[in-house]
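Count the sequence shown with the numbering used here and you get residues 1220 to 1399, in order. Working notes, beginning with the structure itself.
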Amino acid sequence: MKKYFVLLGATMALLLASACSTTPAGTPAADTPSATVSDDTDLANPTEADCTPVAGGIPATEQDFSCLNLSSASGSDATGELAWVGSDPFTLVTMARDGALSFSSKTPCNTLMSTVKVTDKQFIVDPNMAMTMMACQSPQSDYEKWVSTFFSAPLDYTLNKDSLVLRGEHGTVTFKPAAA
């Protein structure tokens, strides 16, 4: 009986795999749009073809926010210093795309994605964020929730020579260029 279920499971997997790669007529789906995102549109890992961050990686002007690849270095909130922000960092990635500024943040669990508006004083992520759906255990799931909450409200920014500091009602985070 066990052998039967293993064989049935393998058969179902093959049927699903072939159904996903063919059209209803049974021909290969070469012209069918893919549901996956290609590497050149991966907001969590921008490539040089997509954008090249300004020298040093830290924006100097509002326009420089169109291509960021930063990682959290330190942070705090009402409870005090958040050691995990430096030891289990999250990213801040932006990229100009189709006339809008895309935003993503790879948390210690999932990746958040949205658009962002940058003014001369604020970094404002559209609160209608999409998110990957990996099931993570605590504390990573707690970190993800904190990051999501942090980016859900407008953030004031400070540009320093070697860092970008975002400050809002939920806390403050210092970002540095992500390691290549």
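Backbone N, C-alpha and C define an ideal beta-carbon position, used for all residues, glycine too. This one's a predicted model, so the numbers in the text were calculated from it and none came from an experiment.
Who are residue 1357's beta bridge partners in DSSP? Answer is none; residue 1357 lacks a bridge partner.
Going by beta-carbon coordinates alone, are residue 1311 and residue 1331 separated by less than 7 Å? no
For residue 1306, the first and last residue of its enclosing alpha helix (DSSP H): 1303-1306
Evaluate the contact criterion for the segment 1335-1343 versus the segment 1315-1326: three or more CB pairs, one atom per stretch, below 8 Å. yes
Quick one: what does DSSP say residue 1384 is sitting in, helix, strand or coil? strand
Among the residues of its own chain, which have a CB less than 7 Å from the CB of residue 1296, if the five just before and after it don't count? 1389, 1390
On the DSSP bridge assignment, give the partners of residue 1300 in chain order. 1295
In terms of alpha-carbon separation, which member of 1348, 1374, 1363, 1287 lies closest to residue 1307? 1363
Cβ shell of residue 1327 (< 7 Å), same chain only, five flanking positions each side left out: 1307, 1309, 1359, 1362, 1363
Counted within 10 angstroms of its Cβ, other Cβ atoms place residue 1372 as buried (16 or more) or exposed: exposed
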